[in-house]
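Peer 1: Heads up: the sequence lines are chains A and B, in that order. Here the first sequence is numbered in this note's numbering, starting from 13 and rising by one per residue. Here the second sequence is numbered in this note's numbering, starting from 99 and rising by one per residue. Each residue gets a CB set at the ideal place from its N, CA and C atoms; glycine is no exception. Have a look at this one before I ask anything.
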Amino acid sequence: GPKVLQIPSHQIIDMGQMVTLNCDPVSNHLYFYWYKQILGQQMEFLVNFYNGKVMEKSKLFKDQFSVERPDGSYFTLKIQPTALEDSAVYFCASSSGTGGQDTQYFGPGTRLLVL
Amino acid sequence: GDKVKQSPSALSLQEGTNSALRCNFSIAATTVQWFLQNPRGSLMNLFYLVPGTKENGRLKSAFDSKESYSTLHIRDAQLEDSGTYFCAAATSSGQKLVFGQGTILKVYL
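Here's what the structure looks like:
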């Protein structure tokens, strides 16, 4: 089936540093998402992105977070500066239609550990 | 409170038996997705549902938007079915999926 790729699979950084998580969505998809899963807990929506803009974000999407997708490149989530509570698995997803109208396909996740 | 409530939270099944997982929604869900998260953490798409029923092999899922619930039936459970099952709902006004807390399934011999 359609594949979403995420790079890196794991990242360990010191608190206060910047980190960029990269997502390679399904090639013809137009809607992109980030979700956060703290170990053993449920998946929580962070943000979705369409046509170069943030469409919706949750309260978990702090001011230190930003997303972008420069033409033809990865969809990225940047956290600057990082905090201890940012340790989690971050999942990227993409869909061809708007969130409620089409299947969202998820990547394998990036496991972020902030020390 | 939880907008998507899954039950049971955990389940042990003997290989070859059947069971059902359920999600109740307190939001106006228009579509539902079911996922299996394996022990490595990867999410596998199982079903995308508008109101109605779908079947794939030993799995069958139903979504009733009027009664605000969805079910996932597992027939003839196998060891490789073990993992955490998540349902997630989207609404007509939102772009996001709202996830349940998951059902941890363990299949044993």
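Starting from the Cα of Ala186/B, find the closest Cα among Val16/A, Thr115/A and Met27/A and give me that residue.
Peer 2: Within the second sequence, the letter at position 88 stands for residue 186/B. It is Thr115/A whose Cα lies nearest to the Cα of Ala186/B.
Peer 1: With distances taken between CB atoms, is the gap from Gln18/A to Thr94/A smaller than 8 Å?
Peer 2: Within the first sequence, numbered from 1, the residue matching residue 18/A stands at position 6. Within the first sequence, numbered from 1, the residue matching residue 94/A stands at position 82. Cβ atoms of Gln18/A and Thr94/A: not closer than 8 Å.
Peer 1: Considering only the alpha carbon of each residue, which of Pro137/B, Ser190/B and Tyr167/B lies closest to Gly198/B?
Peer 2: In the second sequence, counting from the first residue as 1, residue 198/B sits at position 100. Measuring from the Cα of Gly198/B, the nearest candidate turns out to be Tyr167/B.
Peer 1: Nearest-angstrom Cα distance between Tyr102/A and Gln49/A?
Peer 2: Position 90 of the first sequence holds residue 102/A. Position 37 of the first sequence holds residue 49/A. The alpha-carbon atoms of Tyr102/A and Gln49/A are separated by roughly 6 Å.
Peer 1: Counting only beta-carbon separations shorter than 8 Å, does Thr122/A have a partner in chain B?
Peer 2: In the first sequence, residue 122/A corresponds to position 110, counting from 1. No, because no Cβ of chain B sits closer than 8 Å to the Cβ of Thr122/A.
Peer 1: Tell me where the beta strand (DSSP E) around Gly150/B begins and ends.
Peer 2: Within the second sequence, residue 150/B is the residue found at index 52, counting from 1. Run containing Gly150/B: Gly150 to Asn154, per the beta strand (DSSP E) assignment.
Peer 1: Suppose the cutoff is 7 Å on Cβ atoms and the five residues either side in sequence are ignored; what does the same chain contact list for Thr115/B look like?
Peer 2: Counting from one through the second sequence, the residue named residue 115/B turns up at place 17. Counting only Cβ-Cβ distances below 7 Å, and skipping sequence neighbours, we find Ala175.
Peer 1: In chain B, which residues lie with their C-beta within 7 Å of the C-beta of Tyr117/A?
Peer 2: Position 105 of the first sequence, counting from 1, holds the residue named residue 117/A. Within 7 Å of the CB of Tyr117/A, the CB atoms of chain B belong to Asn143, in sequence order along the chain.
Peer 1: Can you look up Asp114/A in the DSSP assignment and give me helix, strand or coil?
Peer 2: Within the first sequence, the letter at position 102 stands for residue 114/A. Note: Asp114/A maps to coil in three-state DSSP.
Peer 1: Is the shortest distance between the beta-carbon of Gln54/A and the beta-carbons of chain B less than 8 Å?
Peer 2: Within the first sequence, residue 54/A is the residue found at index 42, counting from 1. So yes, Gln54/A belongs to the interface.
Peer 1: Decide if Val38/A is buried, meaning its Cβ has at least 16 other Cβ atoms within 10 Å, or exposed.
Peer 2: For the purposes of this step, residue 38/A is identified with residue 26 of the first sequence, where counting begins at 1. Buried: at least 16 other Cβ atoms inside 10 Å.
Peer 1: Applying the criterion that 16 or more other CB atoms from any shown protein chain within 10 Å of the CB defines a buried residue, is Tyr206/B buried or exposed?
Peer 2: Mapped onto the second sequence, residue 206/B falls at position 108. By the 10 Å Cβ count, Tyr206/B comes out exposed.
Peer 1: Three-state secondary structure (DSSP) at Leu147/B?
Peer 2: Sequence index remark: in the second sequence, residue 147/B carries index 49 (1-based). In this structure, Leu147/B counts as strand in the three-state DSSP scheme.
Peer 1: Determine whether the Cβ of Val101/A lies closer than 8 Å to any Cβ atom of chain E.
Peer 2: This model lacks chain E altogether; the protein chains it does include are A and B.
Peer 1: Would Asn60/A pass as an interface residue toward chain B - the criterion being a Cβ-Cβ separation below 8 Å?
Peer 2: What you label residue 60/A is simply residue 48 of the first sequence in a count that begins at 1. For Asn60/A, the answer is yes, since a Cβ of chain B falls inside 8 Å of its Cβ.
Peer 1: Mind listing, in chain order, the continuous beta strand (DSSP E) runs of no fewer than 3 residues lying wholly within the segment 57 to 116 of chain A?
Peer 2: Secondary structure remark: continuous beta strand (DSSP E) runs of at least 3 residues inside the segment 57 to 116 of chain A, in chain order: 65 to 69, 77 to 80, 87 to 91 and 100 to 107.
Peer 1: Beta carbons nearer than 7 Å to chain B: which residues of the segment 27 to 40 of chain A have them?
Peer 2: For the segment 27 to 40 of chain A, the beta-carbon criterion of a distance under 7 Å to any beta-carbon of chain B is satisfied by none of its residues.
Peer 1: Who are the neighbours of Gly200/B on chain A, taking C-beta pairs under 8 Å?
Peer 2: The residue labelled residue 200/B in the question sits at position 102 within the second sequence. Per Cβ cutoff of 8 Å: Gln54.
Peer 1: Can at least three beta-carbon pairs, one atom from the segment 73 to 81 of chain A and one from the segment 13 to 27 of chain A, be found at a separation below 8 Å?
Peer 2: Short answer: they don't touch.
Peer 1: Does the segment 56 to 70 of chain A come close enough to the segment 107 to 122 of chain B to have 3 or more Cβ pairs within less than 8 Å?
Peer 2: no
Peer 1: Just to make sure I have the definition right: I need the residues of chain B whose C-beta is within less than 8 Å of the C-beta of Gly13/A. Which are they?
Peer 2: Taking the first sequence and counting its residues from 1, one reaches residue 13/A at position 1. Those are Asn143, listed as they occur along chain B.
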